[in-house]
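Working notes for the structure below.
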Amino acid sequence: MATEVGKKVQGFYNKTPFPDYDLSRFNCKDDLVANAWSFAEILDQSIDKDASIIDIGTGTGQLSAFLSLRRKCVWGIDFSDSSLKKAKALKKKLKLDSLHLKKVDILDEKQIEDIGKKFDVILCMGVLHHTGNAYAGFQNILKLLKPNGLIAVGLANLYASLPLKARIFLEITVFKNNQKVKDEFIRMQIGDVEDKERARGWWNDQYLHPHETTHTIGEILRWFDKNGIGFVQIVPNKPDLAIRGVWNEEGKPNIVSRSLKQIKWVDQLDREGGYWITFGRLKSPKTKEAKKSKTKELKNSKKK
Ligand SMILES: C[S@@+](CC[C@H](N)C(=O)[O-])C[C@H]1O[C@@H](n2cnc3c(N)ncnc32)[C@H](O)[C@@H]1O
């Protein structure tokens, strides 16, 4: 049973699936490749072809469909019937046999359990901040991750989304019903408004969303720490991402560096509406045990 926020958000995505696309643009598998945005290509290159993947909150499923081209097991889950309907139509049209689509509310522990399987890679991008309880959702989806499994969590940033919030304010006050300004605002984020379905999807998602929370890097690092996830890296602003891939380990940012990063993001991430992704790796029980016993050893040797 969806929560009150869940019902609103579900209704919203049933009316306006995201990211949405014109199905007639996809007539063969190569069209998925031709239409893949560059970050999807980087993800595809960064994930082993034998890895099982679950795209949580897959929406209309363009990413999970694309990732399934080279893999045997890719799942896409979402709680919006309309979004899944489009994803299923795409799967059927292109005969994507390794793509599995299922209706799941990620806040519902039982529905998560019923998946009955764990994955090498979890992608959860642009979803948790629309759930009404982002941390509970995060803890739930971790149940689907294998030891040493990889996770990508995309969220709206508290600071970086400020310019978008300002535009939303202008749109509902000064520029209400002004289509030219609307187009210009959406152009600022997606470049053009030629693909009407995509432009509409973005507009709805960014400007008309019934529920979105914003988060900070420090908060996500605490989620990771509390749940045995090792920090890998934060994206964007990585010029060498295509070469080094998304699981390229970097040092955990301290409070100064992450504050500076988020201040810069106010300008740099405006195109993405303040959206950033944190990558992590679930520590295996062995690694956790080894760390514990090392700390114990260290304490004992200090006592001696
Ligand atoms: C902004 S869209 C992101 C779609 C896709 N991940 C992407 O990045 O393009 C958010 C998606 O999360 C789904 N979602 C939100 N809350 C959910 C929940 N509690 N359980 C399952 N899916 C949920 C919505 O239905 C929607 O399709």
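To convert, take the position in the sequence shown, counting from 1, and add 13; that gives the working numbering. Built from N, CA and C at the ideal position, the CB exists for glycine as well.
1. Considering only the alpha carbon of each residue, which of 255, 175, 148, 173 lies closest to residue 238?
2. Provide the residue(s) that pair with residue 246 in DSSP beta bridges, ordered along the chain.
3. Which residues share a DSSP beta bridge with residue 98?
4. Just checking my contact of residue 70 with residue 177 at CB under 8 Å: how many whole Å lie between their CB atoms?
5. Flag this pair as yes or no: are the beta carbons of residue 179 and residue 289 separated by less than 8 Å?
6. Taking residue 132 as the reference, which of 146, 85, 107 has the closest Cα?
7. Taking the beta strand (DSSP E) that residue 90 belongs to, which residues open and close that run?
8. Examine ligand 1 and report whether any of its heavy atoms sits within less than 7 Å of the Cβ of residue 113.
9. Does at least one heavy atom of ligand 1 sit under 7 Å from the Cβ of residue 120?
10. On the DSSP bridge list, what partners appear for residue 21?
11. On the premise that residue 125 lies in contact with residue 156, defined as a C-beta separation below 8 Å, what is that separation, rounded to the nearest angstrom?
12. Using only CA atoms, which one of 187, 285, 242 lies nearest to residue 200?
13. Looking at the unbroken beta strand (DSSP E) that takes in residue 319, where does it start and where does it end?
14. Buried or exposed for residue 256, going by 16 or more other Cβ atoms inside 10 Å?
15. Pull up the distance between the alpha-carbon of residue 158 and that of residue 188, whole angstroms please.
16. Tell me whether the beta-carbon of residue 16 lies closer than 8 Å to the beta-carbon of residue 150.
17. Rounded to a whole number of angstroms, what is the C-alpha to C-alpha distance between residue 245 and residue 166?
18. Check whether the segment 22-42 and the segment 82-101 touch, using three or more Cβ-Cβ pairs below 8 Å as the test.
19. How long is the line joining the alpha carbons of residue 259 and residue 161, rounded to whole angstroms?
20. Which same chain residues, not among the five before or five after residue 141, have their C-beta less than 7 Å away from its C-beta?
21. With a threshold of 7 Å on Cβ separation, who are the neighbours of residue 236 within its own chain once the five nearest residues in sequence on each side are excluded?
22. With three or more C-beta pairs closer than 8 Å as the rule, is the segment 55-63 touching the segment 108-122?
23. Which residues bound the alpha helix (DSSP H) around residue 176?
Reading it off the structure:
1. Walking along the sequence shown from the start, residue 238 turns up at place 225. If we check each option's Cα against that of residue 238, 148 comes out closest.
2. Numbered from 1 along the sequence shown, position 233 holds the residue referred to as residue 246. According to DSSP, residue 246 bridges with 292.
3. In the sequence shown, the residue the question calls residue 98 occupies position 85. Answer by DSSP bridge pairing: none, since residue 98 is not bridged.
4. Walking along the sequence shown from the start, residue 70 turns up at place 57. Walking along the sequence shown from the start, residue 177 turns up at place 164. Contact doesn't hold; Cβ gap of about 20 Å is too wide.
5. Position 166 of the sequence shown, counted from the start, is the residue given in the question as residue 179. Position 276 of the sequence shown, counted from the start, is the residue given in the question as residue 289. One thing to note: residue 179 has its Cβ no nearer than 8 Å to the Cβ of residue 289.
6. Here residue 132 is taken as the residue at index 119 of the sequence shown, counted from 1. It is 85.
7. For the purposes of this step, residue 90 is taken as residue 77 along the sequence shown, with counting starting at 1. Per DSSP, residue 90 belongs to the beta strand (DSSP E) from 87-91.
8. In the sequence shown, counting from the first residue as 1, residue 113 sits at position 100. No; taking the cut-off as 7 Å, the Cβ of residue 113 has no heavy atom of ligand 1 nearer than that.
9. Here residue 120 corresponds to residue number 107 of the sequence shown, with the count starting at 1. Yes, the Cβ of residue 120 comes within 7 Å of a heavy atom of ligand 1.
10. Residue mapping note: residue 21 aligns to position 8 of the sequence shown, counting from 1. Answer by DSSP bridge pairing: none, since residue 21 is not bridged.
11. The residue labelled residue 156 in the question sits at position 143 within the sequence shown. The residue labelled residue 125 in the question sits at position 112 within the sequence shown. With 8 Å as the limit, residue 156 and residue 125 qualify as a contact, their Cβ atoms being about 6 Å apart.
12. Reading the sequence shown from its first residue, position 187 is the one you call residue 200. Among 187, 285, 242, the Cα nearest to that of residue 200 belongs to 285.
13. The requested residue 319 is not part of the displayed model; the chain covers only 14 to 317.
14. On the sequence shown, residue 256 is found 243 positions in, with the first residue counted as 1. Under this definition residue 256 is an exposed residue.
15. Translated into positions along the sequence shown, residue 158 becomes position 145. Translated into positions along the sequence shown, residue 188 becomes position 175. Between residue 158 and residue 188, the alpha-carbon positions lie close to 45 Å from each other.
16. Sequence index remark: in the sequence shown, residue 16 carries index 3 (1-based). Sequence index remark: in the sequence shown, residue 150 carries index 137 (1-based). It is not a contact, given that the beta carbons lie outside the stated cut-off.
17. As a first step, residue 245 must be located in the sequence shown, where it is residue number 232. As a first step, residue 166 must be located in the sequence shown, where it is residue number 153. In a straight line, the C-alpha of residue 245 is about 12 Å away from that of residue 166.
18. yes
19. Residue numbering aside, residue 259 sits at position 246 when the sequence shown is read from its first letter. Residue numbering aside, residue 161 sits at position 148 when the sequence shown is read from its first letter. Going from the Cα of residue 259 to the Cα of residue 161 covers about 15 Å.
20. Numbered from 1 along the sequence shown, position 128 holds the residue referred to as residue 141. Closer than 7 Å at Cβ, skipping near neighbours: 147, 150, 151, 166, 168.
21. As a first step, residue 236 is located in the sequence shown; it is residue number 223 there, counting from the start. Once the five neighbours on either side are set aside, the close Cβ partners of residue 236 are 148, 151.
22. no
23. In the sequence shown, counting from the first residue as 1, residue 176 sits at position 163. Counting along the chain, the alpha helix (DSSP H) containing residue 176 begins and ends at 175-185.
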